[in-house]
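See below for the structure under consideration.
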Amino acid sequence: MSHKKHTTTSGIEIKEIYTSSRPMEEQPGEFPFTRGIQKDMYRGRLWTMRQYAGFSTAEESNKRYHYLLKQGTTGLSVAFDLPTQIGYDSDHDMADGEVGKVGVAIDSLKDMEILFDKIALKDITTSMTINATASILLAMYIALAKKQGADIRQISGTIQNDILKEYAARGTYIYPPTPSMRLITDIFEFCSKEVPKWNTISISGYHIREAGSSAVQELAFTLANGKTYLKAAIEKGLDINVFAKRLSFFFNCHNNFFEEIGKFRAARRMWAKITRDLGATDEKAQMLRFHTQTGGSTLTAQQPLNNVIRVSNQAMAAVLGGTQSLHTNGYDEALSLPTESAARIALRTQQIIAFESGVTDTVDPLAGSFFVENLTDEIENAAWAYIEKIDVMGGSVKAIENDYMQNEIASAAYQYQKEIETGERVSVGVNKFTQEEGGLTEVFNIDDSIRKLQIDKLINLKASRNNEAVVGALAALETAARGNANLMPFIIEAVEEYATLGEIADVLRSVFGEY
Numbered sequence: 000m001s002h003k004k005h006t007t008t009s010g011i012e013i014k015e016i017y018t019s020s021r022p023m024e025e026q027p028g029e030f031p032f033t034r035g036i037q038k039d040m041y042r043g044r045l046w047t048m049r050q051y052a053g054f055s056t057a058e059e060s061n062k063r064y065h066y067l068l069k070q071g072t073t074g075l076s077v078a079f080d081l082p083t084q085i086g087y088d089s090d091h092d093m094a095d096g097e098v099g100k101v102g103v104a105i106d107s108l109k110d111m112e113i114l115f116d117k118i119a120l121k122d123i124t125t126s127m128t129i130n131a132t133a134s135i136l137l138a139m140y141i142a143l144a145k146k147q148g149a150d151i152r153q154i155s156g157t158i159q160n161d162i163l164k165e166y167a168a169r170g171t172y173i174y175p176p177t178p179s180m181r182l183i184t185d186i187f188e189f190c191s192k193e194v195p196k197w198n199t200i201s202i203s204g205y206h207i208r209e210a211g212s213s214a215v216q217e218l219a220f221t222l223a224n225g226k227t228y229l230k231a232a233i234e235k236g237l238d239i240n241v242f243a244k245r246l247s248f249f250f251n252c253h254n255n256f257f258e259e260i261g262k263f264r265a266a267r268r269m270w271a272k273i274t275r276d277l278g279a280t281d282e283k284a285q286m287l288r289f290h291t292q293t294g295g296s297t298l299t300a301q302q303p304l305n306n307v308i309r310v311s312n313q314a315m316a317a318v319l320g321g322t323q324s325l326h327t328n329g330y331d332e333a334l335s336l337p338t339e340s341a342a343r344i345a346l347r348t349q350q351i352i353a354f355e356s357g358v359t360d361t362v363d364p365l366a367g368s369f370f371v372e373n374l375t376d377e378i379e380n381a382a383w384a385y386i387e388k389i390d391v392m393g394g395s396v397k398a399i400e401n402d403y404m405q406n407e408i409a410s411a412a413y414q415y416q417k418e419i420e421t422g423e424r425v426s427v428g429v430n431k432f433t434q435e436e437g438g439l440t441e442v443f444n445i446d447d448s449i450r451k452l453q454i455d456k457l458i459n460l461k462a463s464r465n466n467e468a469v470v471g472a473l474a475a476l477e478t479a480a481r482g483n484a485n486l487m488p489f490i491i492e493a494v495e496e497y498a499t500l501g502e503i504a505d506v507l508r509s510v511f512g513e514y
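Next up, the structure:
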């Protein structure tokens, strides 16, 4: 606990926590965690400032990671290109035009070695936004940690690994829902034994929101998906008090300041109840821990510097809502991947909130506000109504197969767009306060020549590795996939022999089929 005195600029001492004259039963760090999962919240430890980056080749992304670490980033977050996300090597026809575009191209353990060159995995936490191929990328990360001599029981980080929202909102799935759920529960089981500090899933509302959902839908669909993962793991015989501690969430933060704060407070309370109802008795297994990213879809290509203000507003809401980790978007992201200067301003935004605003001095500063408490309750009630509907359908997998979530998101997106077009909802610089302007001069572009570089690397890799060992490892993986063994050890073995991501995904395609 910190004993530092916290004061305002006028020297008024700030108490760690304020309670109203009417008794507020709830305390932070205690069930149902509406007020935060730590008793002292940011007085004890700030959120992780985790900037999402990855583009082009592993060499280029490695340079950006070193740059961000030098600027004061406290955790890395890896963006992968589309071929990597959907299980194709850079030399596949489907990869044409997409290599290195929206993230880094990773074809094999070789690329992973370059990506983290001179970065000790035992000293940082890494978040990887990867879903359908999460098992393969995690296997590469574990293999690299072993090569670096790290104790894999000590390494920590997160894989997104949330396939349900891919079917509902984002589209980077490979296999049908049932085998996809098997891969996820295999990862839960493997990591709970071998890599106990790893967060094995980041249940993601972010992409549901980016696809056009409302705040309430984002909350409801994300928690409904979370509930489905809990049930799948319980059916596999895993102990909820063990594996639920390693689940984390990933939420979006949009422009409506108080609604977002209410959403985060309601989310913790709801998850505490969901986990308890499913048998969790350990407080750590009832806690909803989450990463937040500011709203990409709220950023405008018109008057892009206005996005600095939007991101600041969203970041402040995430902090007041009690996030454990935060990514702030670059102001130029409506136009391109962020330039270095945009990435730096995004990080400085978090640092200014942390060290200059004073909001970290007390826990849940907005608690007891009649408005915030009321809004938290209303958001919670509206989200429960959705979850009850999904439960009646038989859970998230069924709701997705029936297109229920997809249709709800689409109608919310349509409604929002209509309000922008009629001017009923104001978007500054887009439908009001517009001006003719030159726009940004510095835009970040990725060259198509990267594909050629990646293909050359693949040719060299296949010429220098032990191809017999690769064939053997892939055959063992196929046999395991046809049975019901845990697939993680087989994937790790294939990765260590330098089998490529595409080769491993193809073996699983041949057994599971494609969705």
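Counted from 1, the sequence shown has number 351 at position 352 by numbering that gives the first Met the number 0; the numbering is strictly sequential. Ideal Cβ positions, reconstructed from N, Cα and C, are used throughout, including at glycine. Since the model is a prediction, treat every value here as computed from it, not as a measurement.
Is I113 helix, strand or coil when you go by DSSP? Helix at I113.
CA nearest to the CA of K146, picked from E112, I123, S201, T227: Measuring from the Cα of K146, the nearest candidate turns out to be E112.
Close Cβ partners of R268 (< 8 angstroms) along its chain, the five nearest in sequence each way excluded: Cβ neighbours of R268 beyond the five flanking positions: P31, F32, T33, T375, E379.
Pairs of beta-carbons, one from the stretch 341-348 and one from the stretch 273-288, closer than 8 angstroms: are there three or more? Contact fails between the stretch 341-348 and the stretch 273-288, because fewer than three Cβ pairs, one in each stretch, are under 8 angstroms apart.
Could you check what DSSP says for R268 in three-state terms: helix, strand or coil? Reduced to three states, the DSSP call for R268 is helix.
Roughly how many angstroms lie between the CA atoms of V469 and G278, to the nearest whole one? Straight-line measurement puts the Cα of G278 at about 43 angstroms from the Cα of V469.
Evaluate the contact criterion for the stretch 497-505 versus the stretch 151-160: three or more CB pairs, one atom per stretch, below 8 angstroms. No: the two stretches stay apart, fewer than three of their Cβ pairs being nearer than 8 angstroms.
Limits of the unbroken beta strand (DSSP E) element including L500: Counting along the chain, L500 sits inside no beta strand (DSSP E); it lies in the alpha helix (DSSP H) bounded by residues 500-511.
Using 8 angstroms for Cβ pairs, my map puts Q84 next to A131. What's the rounded Cβ distance? Correct: roughly 7 angstroms between the Cβ atoms.
Please report how far the alpha carbon of R264 lies from the alpha carbon of A411, in whole angstroms. R264 and A411 have their alpha carbons spaced roughly 22 angstroms apart.
Assign Q350 to one of three DSSP states: helix, strand, or coil. It is helical.
If we count the other Cβ atoms within 10 Å of its Cβ and call it buried at 16 or more, is T327 buried or exposed? A buried status is given to T327, since no fewer than 16 other beta-carbon atoms sit within 10 Å of its beta-carbon.
Answer yes if the stretch 399-410 comes into contact with the stretch 242-255, meaning at least three C-beta pairs across the two stretches below 8 angstroms, and no otherwise. Segments in contact, no.
Three or more C-beta pairs below 8 angstroms linking the stretch 466-482 and the stretch 117-137: Touching, no, given that fewer than three Cβ pairs across the two stretches are closer than 8 angstroms.
What residues match up with M127 in a beta bridge as DSSP calls it? For M127, which the question treats as bridged, DSSP gives the partners V77, I158.
Quick one: what's got a C-beta closer than 7 angstroms to I491's C-beta in the same chain, skipping five residues either side? Listed in chain order, the non-local C-beta contacts of I491 below 7 angstroms within the same chain comprise A138, I141, A142, local neighbours out to five positions each way being set aside.
Are A300 and L336 close, meaning C-beta to C-beta below 9 angstroms? Not closer than 9 angstroms, so no.
In the DSSP assignment, the alpha helix (DSSP H) including Q324 goes from what residue to what residue? The sequence given here has Ser at residue 324, not Gln. That residue, S324, is in no alpha helix (DSSP H); its beta strand (DSSP E) goes 324-326.
Sequence-distant residues of the same chain with beta carbon closer than 7 angstroms to K235, five excluded per side: Cβ contact annotation for K235 (same chain, cutoff 7 angstroms, sequence separation greater than five): T184, E188, in chain order.
Whole-angstrom C-beta distance between L476 and K515, which should lie under 8 angstroms: Shown here, the chain extends from 0 to 514; a query on residue 515 therefore has no answer.
Taking Cβ positions, are F79 and I118 nearer each other than 9 angstroms? Here F79 is not near I118, since their CB atoms are 9 angstroms or more apart.
When the Cα atoms are used, what is the spatial distance from A266 to N224? Approximately 13 angstroms, taken between the alpha carbons.
When the Cα atoms are used, what is the spatial distance from T227 to I200? Distance between the alpha carbons of T227 and I200 is about 12 angstroms.
With DSSP run on the structure shown, which of helix, strand or coil describes Q302? For Q302, the three-state secondary structure derived from DSSP is coil.
Alpha-carbon spacing of N198 relative to G422, whole angstroms: Distance between the alpha carbons of N198 and G422 is about 43 angstroms.
For the beta strand (DSSP E) that contains N251, what are its first and last residues? Per DSSP, N251 belongs to the beta strand (DSSP E) from 246-252.
How about D116 and N160: are their beta carbons less than 9 angstroms apart? No; because the gap between Cβ atoms is not below 9 angstroms, this pair is not in contact.
Does the separation of the CB atoms of A317 and T348 fall below 9 angstroms? Between A317 and T348, the CB-CB gap reaches or exceeds 9 angstroms.
Please report the residue range of the alpha helix (DSSP H) in which T375 lies. In the DSSP assignment, T375 falls within the alpha helix (DSSP H) that extends over 369-392.
Inter-residue Cα distance where the pair is G529 and V307: Here the chain has residues from 0 to 514 only, and residue 529 is not among them.
Check each candidate in V494, F511, L500 and name the one with the smallest Cα separation from A144. If we check each option's Cα against that of A144, V494 comes out closest.
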